[in-house]
Amino acid sequence: MFQPPALLPLTGLFFLFSSMFTSGSSVPFPVSCVTRGADLTQDVMVVLCPPDCPQWRLSVFGTGVYATVSSVCGAAVHRGLVGSSGGPVRVQKLQGRHNYLSSYAHGIHSQALSHWTSSFSLSKPVNVPQELTGDTSTTPLPAAAQATKKPLKKPSVKKALAGGNKDCQMDIAMVIDSSNNIGRRRFNLQKNFVAKLAAMLRVGPTGPHVGLIQSSDSPRTEFLLTNYTQPKELLFAIKELGYMGGDTNTGKAIMHTAEHFFSQENGARRGHPRVMMVLIDGWPSDDLEQAAMLARESGINVFLVSVAKPAPEELGMVRDKDFTKKAVCKDNGFFSYSIPSWFSTTKHVRPLTQRLCSLDGLLCSKTCYNSVNIGFLIDGSSSVGDGNFRLVLDFLAGIARSFDISDVGARIGAVQFTYDQRLEFGLADHPNKEDAISALRRISYMSGGTSTGSAISYTAQNLFRRTGPGRNFLIVVTDGQSYDDVRDPALAAQKQGITIFSVGVAWAPLDDLRAMSSEPKDSHTFFTREFTGLGEFIPALVRGICRDFTERN
């Protein structure tokens, strides 16, 4: 467990000036290399980092947003706002949060932290005397240009509801373009557009949650879904995003987001639709197809918003001219959105927001992983033996672990059979994965004869009696010859809308297994000589269930 360092003594200079300093001052306040965010006395301060801070003294926790236990100057180096020569940086204190991310940047390796009571973010200060800045290459604007330069308008958050927009309870990942293709100027226009979208969405604890990933050579998660659940904090975080440059590896960013971003550990809410909005300037540098396929199979609704499409003379540089069709959740026009220029995005904020919040249009929310009912029909006959019976339960637990089991997601139930049948637990008895797998492992071995046909009929009537067609799957595991007919009960169950996979071990006859299996027989029938070989079937069975679910829905 992380133990924060003891409070470091501050210099007398800090105490001398702390009472004099106000947040509106343009004079940077001197701090030491080890001054932490928690040591600062104001919510907004401009501090002056000294030169040549030794990296071993710069403890930093987080990425973009830092826990206040972090060294302010260490975080400023990590963020790329100051270098070895030190310089001024603006510090904004924020609320505490969960999941501070670890990353390596500018010679500083920041650490992960599961939770801290307060945070801070950093930005370049404005109106700082030129001689105090660490960047000597900056050329000040001519006086005329400074006079005519208008400040950026802040997106309005007046309409934000206290608890968020309850009609848009989505988990939304915004993947923005930070490549060389977009450039710094259009990157800032993109940030302004994203901020307007975020304001229109109206985030909140009971409304949409928004996280953000930057796409470049390698993707970078800037903040997670639970980091900012208040509109003002979210808009400030968007404003503070730094430009990365590099290639437009949008496929890599989609893959990263699909694999890591929507886990419950990272703040994704169970049962809430998952949306990924991908902004791209021009065209991607890499392939999108495999990443988009993973996103669809994971129940993520991918929207692709393309801005400034390639000109006719640029089309020869585009690797895949159909990249939009391959990237989106479904190629029906709803998930692709085109904006001609970054200079005309304002009028597109409302219609795009309406699409992101359209529950009926989110066709990829329901997948095999979160929508199927799986019944396990387990042979408890004497020939199995208690040790092998435990191996069967391990095998079935491995299958169950692959699915998103919840009261609004996938569900599992189990029946054990010999000559008799016993309903071990129903589909609605254990509404979360941990409880369901625990109940599966607690099943006690019955021992007895083998009547598989009667067991199939019993399961169809008692386990699947109140479920809809197209999403019901039965996995039968047996090690021997059935004493009764299996063909007719299996056909009756299949007519009821139950897809059957048969798994045979040891002396189970292949004819019985194929008679029970759904069509095509070869892809629904499995056999192994040893109980220890059952685990090898887990990936193929999970793929088979997902294949059948997709075809039937």
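Residues 84 to 636 in our numbering are what the sequence shown spells out, letter by letter.
Every residue, glycine too, gets a C-beta built ideally from N, C-alpha and C.
All of these numbers come straight from a predicted model, not from anything done at the bench.
Buried or exposed for residue 541, going by 16 or more other Cβ atoms inside 10 Å?
If you number the sequence shown from 1, residue 541 lands on position 458. That one is buried.
Please identify the residue among 427, 409, 194 whose C-alpha is closest to the C-alpha of residue 375.
Within the sequence shown, numbered from 1, the residue matching residue 375 stands at position 292. Among 427, 409, 194, the Cα nearest to that of residue 375 belongs to 409.
Are the stretch 157-166 and the stretch 121-128 touching, with three or more C-beta to C-beta distances below 8 angstroms?
no
Rounded separation between residue 247 and residue 285 - CA only:
For this step, residue 247 is matched to residue 164 along the sequence shown. For this step, residue 285 is matched to residue 202 along the sequence shown. So the two alpha carbons sit approximately 5 angstroms from each other.
Quick check on residue 230: buried or exposed, where buried means 16 or more other Cβ atoms within 10 Å of its Cβ?
The residue labelled residue 230 in the question sits at position 147 within the sequence shown. Caution is warranted here: a pLDDT of 37 is assigned to residue 230, below 50, making its placement in the model unreliable, and the coordinate value is therefore given only provisionally. That one is exposed.
Member of 192, 134, 149, 189 whose CA lies at the smallest distance from the CA of residue 167
The count along the sequence shown starts at 1 and reaches residue 167 at position 84. Closest option to residue 167, Cα to Cα, is 134.
From the DSSP output, which residues share a beta bridge with residue 171?
As a working mapping, residue 171 is identified with position 88 in the sequence shown. Bridge partners of residue 171: 131.
Check whether the Cβ atoms of residue 258 and residue 337 lie closer than 9 angstroms to each other.
What you label residue 258 is simply residue 175 of the sequence shown in a count that begins at 1. What you label residue 337 is simply residue 254 of the sequence shown in a count that begins at 1. Yes, they are a contact pair.
Just verifying my parser: in three-state terms, what is the DSSP assignment at residue 389?
Walking along the sequence shown from the start, residue 389 turns up at place 306. Three-state result, residue 389: strand.
Step through the CB atoms of chain B and report whether any lies within less than 9 angstroms of the CB of residue 446.
Among the protein chains of the structure shown there is no chain B, as only one such chain exists.
For residue 250, I'd like the list of residues in its chain whose CB is within less than 7 angstroms of its CB, leaving aside the five on either flank, ordered along the chain.
The sequence position of residue 250 within the sequence shown is 167, counting from 1. Excluding sequence neighbours, residue 250 sits near 440.
With a threshold of 8 angstroms, are at least 3 pairs of Cβ atoms found where one atom belongs to the stretch 340-355 and the other to the stretch 300-314?
yes
Is the separation between the beta-carbon of residue 173 and that of residue 202 shorter than 9 angstroms?
As a first step, residue 173 must be located in the sequence shown, where it is residue number 90. As a first step, residue 202 must be located in the sequence shown, where it is residue number 119. No, they are not a contact pair.
In three-state terms, what does DSSP make of residue 631?
Residue mapping note: residue 631 aligns to position 548 of the sequence shown, counting from 1. If DSSP states are grouped into helix, strand and coil, residue 631 belongs with the helices.
Assuming residue 362 and residue 390 make a contact with CB atoms under 8 angstroms, what is their CB distance in whole Å?
Counted from its first residue, the sequence shown places residue 362 at position 279. Counted from its first residue, the sequence shown places residue 390 at position 307. 7 angstroms between Cβ atoms; contact.
At a cut-off of 8 angstroms, would you count residue 412 as near the ligand MN, judging by its Cβ distance to the nearest heavy atom?
The ligand MN is not part of this structure, which contains no ligands at all.
With contact counted as at least three CB pairs below 8 angstroms, one residue from each stretch, are the stretch 280-298 and the stretch 447-454 in contact?
no
Looking at residue 341 and residue 314, is the spacing between their C-beta atoms short of 9 angstroms?
Position 231 of the sequence shown, counted from the start, is the residue given in the question as residue 314. Position 258 of the sequence shown, counted from the start, is the residue given in the question as residue 341. Cβ atoms of residue 314 and residue 341: not closer than 9 angstroms.
Under 9 angstroms between the Cβ atoms of residue 486 and residue 493?
For this step, residue 486 is matched to residue 403 along the sequence shown. For this step, residue 493 is matched to residue 410 along the sequence shown. Closer than 9 angstroms, so yes.
Where are the alpha helix (DSSP H) runs, 4 residues long or more, that stay fully inside the stretch 400-431, in chain order?
406-410
On the DSSP letters alone, give me the boundaries of the alpha helix (DSSP H) that residue 535 sits inside.
The count along the sequence shown starts at 1 and reaches residue 535 at position 452. Start and end: 535-545.
Using alpha carbons as the reference points, say which of 537, 589, 555 lies closest to residue 571.
One-based indexing of the sequence shown puts residue 571 at position 488. Per the Cα distances, 537.
Apart from the five residues just before and just after residue 236, which ones in its own chain have a Cβ nearer than 7 angstroms to its Cβ?
Position 153 of the sequence shown holds residue 236. At residue 236, the pLDDT of 45 sits below 50, so the modelled position is not reliable; the number obtained from the coordinates is stated separately. There are no such residues.
For residue 161, three-class secondary structure by DSSP:
To locate residue 161, count along the sequence shown from 1; it is residue 78. Note: residue 161 maps to helix in three-state DSSP.
With a 10 Å radius around its C-beta and 16 neighbouring C-beta atoms as the bar for buried, classify residue 430 as buried or exposed.
Numbered from its first residue, the sequence shown carries residue 430 at position 347. Counting Cβ neighbours within 10 Å, residue 430 comes out exposed, since fewer than 16 surround it.
Beta-ladder partner(s) of residue 293, from DSSP:
Against the sequence shown, residue 293 aligns to sequence position 210. Paired residue(s): 255.
The beta strand (DSSP E) enclosing residue 68, as first and last residue numbers
Residue 68 lies beyond the range of the chain shown here (84 to 636); nothing can be said about it.
Report the rounded CA-to-CA distance for residue 545 versus residue 358, giving the unit in angstroms.
Along the sequence shown, one-based indexing puts residue 545 at 462. Along the sequence shown, one-based indexing puts residue 358 at 275. Spanning the two alpha carbons is a distance of roughly 36 angstroms.
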